[in-house]
Amino acid sequence: MKVQRLAEDNPAAVLTVVFILLFVATDIVNRAQGDGAFLTLKQISTTFLYAAVLGLMSAGQTLVMLTGGVDLSVATTATAGAFTVSRFGTHGSGTAIVLALAVGLAIGLVNGIGIGVFRVNALIMTLGISTITLGYLTVAAQKQFTALVPNFVVTLGSERFLTYIPYDLLVWAPVAAVIILGLRYAGLGRAIYAVGDNPVASRLGGIRVWQVLLVVYALCGALSAVAGILLVGFNNAADLGIGSPFLLPSVAAVVIGGTSIFGGLGGYAGTILGALILTVLDSLLTILNASQAVRQMIYGTIVLALAAIYARATAGAE
Amino acid sequence: MTGSTPLLDVRGLAKSYGPVVALRSADLQVVPGEVHALLGANGAGKSTLVKLLTGVVSADAGTVSLAGHPVRVASPAASARLGLAPVFQDPALVPDLTVAQNMRLTGTDPEAVRRELNELDLDVDFSEQARDVPLPLLRMIDLARALARRPELLLLDEITAALPSDLAERVFTVMAGLRENGRSVLFITHRLKEVTATCDRATILRDGGAVATIDPRERGEEAIVGYMLGPEAAHAAAEAAQKDASAVHAPPPADSAAALEVDSVTVGRVQDVSFVLRPGEILGIAALEGQGQGELFDVLSGQRTPESGEIRIAGRPLRTRHPYDAIRAGVVLVPADRLQALLPQRSVRENVAAPRYNRVGRWGAINMRDEGRRVRQAVDALQIDVRAGRQVRRLSGGNQQKVTIARWLASGFRTMLCFDPTRGIDVGTKRQIYGLLRQLADDGGAILFFSSELTEFPLVCDRVLTLFGGRITAELPGQAADEASLLRAMHGLVEAGDGEAA
Amino acid sequence: MGAFALLFVLVLYWRTQTAARWGPFDVQSLAIDALPLCFAACGQAIVILSGGIDLSVGSMMSLVNVVSARALLHLSFRDALLVSLLIVAGAALVGAFTGLLIVVTRVADIIVTLAMLFVLGGAALAVLEVPGGGAPIRYQNLVTLDTLATKWAPSAIGVLLGAYVVLWVPVRRTRVGLSLYAIGSSRSAAYLAGVNVPRSRIVAYAYSGAFAALGGLALTAASGLGDPNSGTIYTLNSVAAVVLGGVSLLGGVGGLIGPIAAAFVLTLVKTLMILKGVDQNWAQVIQGALIVLVVMIGGLAVRQKGKGS
Chain U
1208 MKVQRLAEDN
1218 PAAVLTVVFI
1228 LLFVATDIVN
1238 RAQGDGAFLT
1248 LKQISTTFLY
1258 AAVLGLMSAG
1268 QTLVMLTGGV
1278 DLSVATTATA
1288 GAFTVSRFGT
1298 HGSGTAIVLA
1308 LAVGLAIGLV
1318 NGIGIGVFRV
1328 NALIMTLGIS
1338 TITLGYLTVA
1348 AQKQFTALVP
1358 NFVVTLGSER
1368 FLTYIPYDLL
1378 VWAPVAAVII
1388 LGLRYAGLGR
1398 AIYAVGDNPV
1408 ASRLGGIRVW
1418 QVLLVVYALC
1428 GALSAVAGIL
1438 LVGFNNAADL
1448 GIGSPFLLPS
1458 VAAVVIGGTS
1468 IFGGLGGYAG
1478 TILGALILTV
1488 LDSLLTILNA
1498 SQAVRQMIYG
1508 TIVLALAAIY
1518 ARATAGAE
Chain V
5 MTGSTPLLDV
15 RGLAKSYGPV
25 VALRSADLQV
35 VPGEVHALLG
45 ANGAGKSTLV
55 KLLTGVVSAD
65 AGTVSLAGHP
75 VRVASPAASA
85 RLGLAPVFQD
95 PALVPDLTVA
105 QNMRLTGTDP
115 EAVRRELNEL
125 DLDVDFSEQA
135 RDVPLPLLRM
145 IDLARALARR
155 PELLLLDEIT
165 AALPSDLAER
175 VFTVMAGLRE
185 NGRSVLFITH
195 RLKEVTATCD
205 RATILRDGGA
215 VATIDPRERG
225 EEAIVGYMLG
235 PEAAHAAAEA
245 AQKDASAVHA
255 PPPADSAAAL
265 EVDSVTVGRV
275 QDVSFVLRPG
285 EILGIAALEG
295 QGQGELFDVL
305 SGQRTPESGE
315 IRIAGRPLRT
325 RHPYDAIRAG
335 VVLVPADRLQ
345 ALLPQRSVRE
355 NVAAPRYNRV
365 GRWGAINMRD
375 EGRRVRQAVD
385 ALQIDVRAGR
395 QVRRLSGGNQ
405 QKVTIARWLA
415 SGFRTMLCFD
425 PTRGIDVGTK
435 RQIYGLLRQL
445 ADDGGAILFF
455 SSELTEFPLV
465 CDRVLTLFGG
475 RITAELPGQA
485 ADEASLLRAM
495 HGLVEAGDGE
505 AA
Chain G
7 MGAFALLFVL
17 VLYWRTQTAA
27 RWGPFDVQSL
37 AIDALPLCFA
47 ACGQAIVILS
57 GGIDLSVGSM
67 MSLVNVVSAR
77 ALLHLSFRDA
87 LLVSLLIVAG
97 AALVGAFTGL
107 LIVVTRVADI
117 IVTLAMLFVL
127 GGAALAVLEV
137 PGGGAPIRYQ
147 NLVTLDTLAT
157 KWAPSAIGVL
167 LGAYVVLWVP
177 VRRTRVGLSL
187 YAIGSSRSAA
197 YLAGVNVPRS
207 RIVAYAYSGA
217 FAALGGLALT
227 AASGLGDPNS
237 GTIYTLNSVA
247 AVVLGGVSLL
257 GGVGGLIGPI
267 AAAFVLTLVK
277 TLMILKGVDQ
287 NWAQVIQGAL
297 IVLVVMIGGL
307 AVRQKGKGS
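In order, the protein sequences belong to chains U, V and G.
When you line the first sequence up against our numbering, it's residues 1208 to 1525, in that order.
When you line the second sequence up against our numbering, it's residues 5 to 506, in that order.
When you line the third sequence up against our numbering, it's residues 7 to 315, in that order.
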């Protein structure tokens, strides 16, 4: 009971503990297999490197879920961003990046218009958009062009400076700061929480809900595109499935981080820890040489267990 | 009423939600053949006791006995089986099913329900979807369903709130009928007049425990209020009431510029309504259920547009496509249903400050110090008790309503539309709200006030307009707005010469 | 009702598009093609009208597909039918377990069924890592070749209607069935009225499991093969079919016939596009856009109706 009380008051602390425990567990397993230590600076640095992509996609997902929605198109939007960089890489990294961001923003705006203005259910809208995006990308990929990932992007996505600090943290950290501070200290942040908590009351209070939704889905699209840019830099190539492994983890990271899927409660700090936890979990499963089947089953069980602990904690506080 | 075993015997019932003690230790006895009122301020534990008796939540301690046998009520279904028939404030009818299907859902014989409805002089189309049936009628169907079960104890939770007086009368007849048959009613209400008129005994809860069981007809309303508030608070309230009665609230001169002008407006049931509201004035609207007051407030708050006619704010025509347009013109709404105004999971501060961020221009960085100051001022002015926690849903009903008003204090307004602002609120908080409204008017605000409780009008309003069939039938000065005159006008019975609104 | 109108129009259009004479064979192929989605849509419809959602439908179909492909391979027709029945019952239990998890952990259904998507998908991979297995020929023919009474009525439709009549029709107007609608319409009103909410939720997910299993068996019968990824697209397509079929995502409204018709519409749209030589990927784009448009129009229509009252 005391542990539960601690969990209620300090969800971030609990998540950090889980993260550390998982890291230690991975270390133990790694040593047991004779592959040496895992709890090294290099591995920690690698974990953050990997986690940035998930962290950015989950950032957009956090904003969307705070308004009570969900965005199932984050993966295909990331793929679209990756593809755009590769397609226009020959025009220079600046152009490629700007175009990729524009693509992400555009996709997000379309989502926002459908959901905010036309009141289409978020699940359906984003699902439909993801289908359309993927189909379009498949057609576009078959056309002839020179694929090139600019060096700048490769550096950003896969390399480190000062030996241990990944360049992509230079993207993730500022974004995280803006989101966390914005949600707490900006009027838009308050409007987001209001719309998620009670859209009827928000409207009666004068908030144009469609405006908030439009902004939130557009931001999500843009953030997914940024994730895609880092992804293509990491892989040094874009393939059509590049984003898909991150879709369901992006939702999971938000839930594990304590944001309510019904909206109005939560924040990005928890999501960051959720993304880190899922990344370490992935490493652990890789080291265990788990088959795809076992990995999936364990992944699902752990997501459920963590979500259940959270549900207990918030329900108990009522 | 002899020394028989009590029908319902509650001893030491307790319930806490984590650190919050909702019910400390409650005792209650209801004997067969009585109408027993359960009273108490919001936060006194009344709603918790009801939830415990009906099985919605489970108790931490204490015993409940029915006809001498200790029972454990695990769910609403279980309470029904035990001979306890609750009628909750929100009708337990599923909106997307027809009335007949709702009956079948709960294993109730539709014919029995129809018979009960006929006894209540009501006729309902059972093939209609529950969502299309007006709320008061839904409540009566819920009541009929409870009666069809032939319960030993009928539990009525705030059933008369928002029931038009003719239906409320039928409920009282039913209660008396049950009493004659040796069965009992546990009657929960905030309307003390009903208690003194219909109940044999009344148990008052305060601070999570029962403090007194009295005969309301003998002791009267003031005694009840005294028990509800506690000795010091009662004294202070009595003093305040004295002050209220003697305070002269100066209405504005008749030729001052209007804050709000309604000019021949037609919308929904509202037909060609015109009136004027001046700054510093509290104007009451009195009406039976469904006479157009809902549409009137909807159109003034920007939720609907008039079909014809014009609304002018400080002389300028008001065109609304969204509540924002009304708010921008200084017209703000305090709705009856707190669920329409509050962000339940957010803090008091966020709720009070919320309307400030309703436009893109305000989406940038928040000036935290300025916001803190405004929020504090509003919270203090309304004496909101914020101890209950960081989420507004944990506050008592009265405090929640104060938060809905505080929002507009913090972001400013010129005209405040109050639609039944004291619905379901305890007496003490009601008085605070009356005082506050008068204060706001004295400070220059214009207030439009609708209430389903007629006794409030002379306490609060400078003038009262009555609405019947969508038209204004009478205008009465505040002090002359006694129940009888209001009721007559609300039923459209006006003598020749009763004025119409300006 | 809109789904039926759409279906009618599309079928007429279809007749004009086939190169050869349009005949029972085409109806047969459509039925085979649409059958798995029809079953998936039925299960999803029941969950959605009870106020929930099931993202694990596709994974359950994959799992049943691979399990039945291994189990039925060397069985006689009669034994295959019996084992199929067992599989459906087992899947209903798994579905009930999902419902139980949702009730007990109090985690949102979208998350729990998402987690089950992973777990069941992993289980499918564990059973069969690559496509394999098979089913007795007569079993396959039940869906692919047989017809009832006339050659215009493929037995696939018979199986579908049979399942509908046996599993849903006797229940939907009883207390159990009405409880499902009730908890979808207003969970709080249902609870206060005395409905056993947890039990009803579990029942809804049990139904989803059972229908998903039928979908998986349909996949086995139609393809003669077990493939651990065969069910993936059915999760989201089933939601689309349900919405197109007039079931409100908010719960409390709708039936199964609409989603079945919508499943046929979605399948037929795909078929038509292939017929017209549309690139498969453009076909996907068009299908996605179509779904979004229909839901948008549907949403606008509902709002107009609301404004008029």
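Built from N, CA and C at the ideal position, the CB exists for glycine as well.
What you are looking at is a predicted structure, and each value in this text was computed from that prediction instead of being measured.
Sequence-distant residues of the same chain with beta carbon closer than 8 Å to residue i, five excluded per side
{"i": "Arg108 (chain V)", "result": "Pro114"}
{"i": "Lys313 (chain G)", "result": "With a pLDDT of 42 at Lys313 (chain G), under the threshold of 50, the modelled position of that residue is not reliable, and the figure given next carries that caveat. Answer for Lys313 (chain G): no residue qualifies."}
{"i": "Glu1525 (chain U)", "result": "Since pLDDT at Glu1525 (chain U) reaches only 38, below the 50 mark, its modelled position is unreliable, and the value read off the structure follows with that caveat. Result list for Glu1525 (chain U): empty, nothing under 8 Å."}
{"i": "Leu38 (chain G)", "result": "Reading off the sequence shown, one finds Ile at residue 38 (chain G), where the question assumed Leu. Hits under 8 Å: Val149, Thr150, Pro160, Ala162 and Ala228."}
Cutoff 6 Å; reference residue i; Cβ partners in own chain excluding five residues on either side
{"i": "Ala445 (chain V)", "result": "Gly284, Ile286 and Ile451"}
{"i": "Leu86 (chain V)", "result": "Leu70 and Val75"}
{"i": "Leu147 (chain V)", "result": "Val91"}
{"i": "Asp1404 (chain U)", "result": "Gly1471"}
{"i": "Arg76 (chain G)", "result": "Gly139"}
{"i": "Thr1486 (chain U)", "result": "Thr1254, Tyr1257 and Ala1258"}
Listed by chain order, chain G residues near residue i by CB distance under 8 Å
{"i": "Arg1502 (chain U)", "result": "Gly128"}
{"i": "Val266 (chain V)", "result": "Result: empty, since nearest Cβ-Cβ is about 23 Å, beyond 8 Å."}
Residue i: contacting residues in chain U (beta-carbon distance under 7 Å)
{"i": "Gly368 (chain V)", "result": "Ala1393 and Gly1394"}
{"i": "Leu242 (chain G)", "result": "Leu1334"}
Chain U contact residues for residue i, given Cβ-Cβ distances below 8 Å
{"i": "Asp285 (chain G)", "result": "Val1346"}
{"i": "Val271 (chain V)", "result": "What Val271 (chain V) touches in chain U: nothing, since even the nearest Cβ is about 18 Å away."}
{"i": "Gln50 (chain G)", "result": "In chain order: nothing, as chain U lies at least about 12 Å away."}
{"i": "Met279 (chain G)", "result": "What Met279 (chain G) touches in chain U: nothing, since even the nearest Cβ is about 11 Å away."}
Where the beta strand (DSSP E) containing residue i begins and where it ends
{"i": "Glu265 (chain V)", "result": "Leu264 to Val271"}
{"i": "Asp39 (chain G)", "result": "Not the beta strand (DSSP E): Asp39 (chain G) falls in the alpha helix (DSSP H), residues Pro30 to Leu55."}
{"i": "Lys19 (chain V)", "result": "Leu12 to Tyr21"}
Same chain, Cβ closer than 7 Å to residue i, neighbours up to 5 away in sequence not counted
{"i": "Ala1514 (chain U)", "result": "Val1462 and Ile1463"}
{"i": "Asn318 (chain G)", "result": "In the structure as shown, chain G begins at 7 and stops at 315. Residue 318 (chain G) is therefore absent and cannot be evaluated."}
{"i": "Gly296 (chain V)", "result": "Gly272, Arg273, Val274, Leu471 and Gly474"}
{"i": "Val60 (chain V)", "result": "Pro80"}
{"i": "Arg186 (chain V)", "result": "The sequence shown places Gly at residue 186 (chain V), not Arg. Contacts found: Pro36 and Gly37."}
Chain G contact residues for residue i, given Cβ-Cβ distances below 7 Å
{"i": "Val1327 (chain U)", "result": "Val298, Val301, Met302 and Gly305"}
Residues that residue i contacts on chain V, provided the C-beta gap is smaller than 7 Å
{"i": "Gly105 (chain G)", "result": "None at all; the shortest Cβ gap to chain V is about 18 Å."}
{"i": "Arg322 (chain G)", "result": "As displayed, chain G neither begins before 7 nor continues past 315, which places residue 322 (chain G) out of reach and without an answer."}
Start-to-end residues for the alpha helix (DSSP H) that takes in residue i
{"i": "Lys1350 (chain U)", "result": "No alpha helix (DSSP H) contains Lys1350 (chain U), which DSSP labels as neither H nor E."}
{"i": "Asp1404 (chain U)", "result": "Gly1394 to Asp1404"}
{"i": "Tyr328 (chain V)", "result": "Pro327 to Arg332"}
{"i": "Lys1249 (chain U)", "result": "Leu1248 to Leu1273"}
{"i": "Ser214 (chain G)", "result": "Val203 to Ser229"}
Closer than 9 Å at the beta carbon, the chain V residues around residue i
{"i": "Leu184 (chain G)", "result": "Val98, Leu101, Gln105, Asn106, Arg108 and Leu109"}
Partner residues on chain U for residue i, Cβ-Cβ distance less than 9 Å
{"i": "His326 (chain V)", "result": "Arg1410, Gly1413 and Arg1415"}
Listed by chain order, chain G residues near residue i by CB distance under 9 Å
{"i": "Leu1246 (chain U)", "result": "Simply none; closest approach about 27 Å."}
Are the region 317-325 of chain V and the region 389-407 of chain V touching, with three or more C-beta to C-beta distances below 8 Å? When C-beta atoms of the region 317-325 of chain V are compared with those of the region 389-407 of chain V, fewer than three pairs fall below 8 Å, so the two segments do not count as touching.
For the region 1415-1440 of chain U, which residues have a beta carbon sitting closer than 7 Å to at least one beta carbon of chain V? Residues of the region 1415-1440 of chain U with a C-beta atom less than 7 Å from some C-beta of chain V are Arg1415 and Gln1418, listed in chain order.
Taking contact to mean 3 or more Cβ pairs, one atom from each stretch, closer than 8 Å, check whether the region 10-20 of chain G and the region 182-190 of chain G are in contact. The region 10-20 of chain G makes no contact with the region 182-190 of chain G; the number of CB pairs closer than 8 Å stays below 3.
Would the region 420-428 of chain V count as touching the region 328-341 of chain V if we require 3 or more Cβ pairs under 8 Å? yes
Evaluate contact between the region 1425-1444 of chain U and the region 89-104 of chain G, counting only Cβ atoms and requiring at least three cross-stretch pairs below 8 Å. no
Given a limit of 9 Å on CB to CB distance, which residues of the region 348-363 of chain V reach chain G? none
Chain U contacts from the region 119-143 of chain G (Cβ-Cβ distance under 9 Å): Leu120, Ala121, Met122, Leu123, Phe124, Val125, Leu126, Gly127, Gly128, Ala129, Ala130, Leu131, Ala132, Val133 and Glu135
If you pair each beta-carbon of the region 182-192 of chain V with each one of the region 154-162 of chain V, do three or more pairs fall below 8 Å? Output reads yes: the region 154-162 of chain V touches the region 182-192 of chain V.
Pull out every residue of the region 193-225 of chain G whose Cβ sits closer than 8 Å to any Cβ of chain V, in chain order. Ser194, Ala195, Ala196, Tyr197, Leu198, Ala199, Gly200, Val201 and Asn202
Three or more C-beta pairs below 8 Å linking the region 196-207 of chain V and the region 35-43 of chain V: yes
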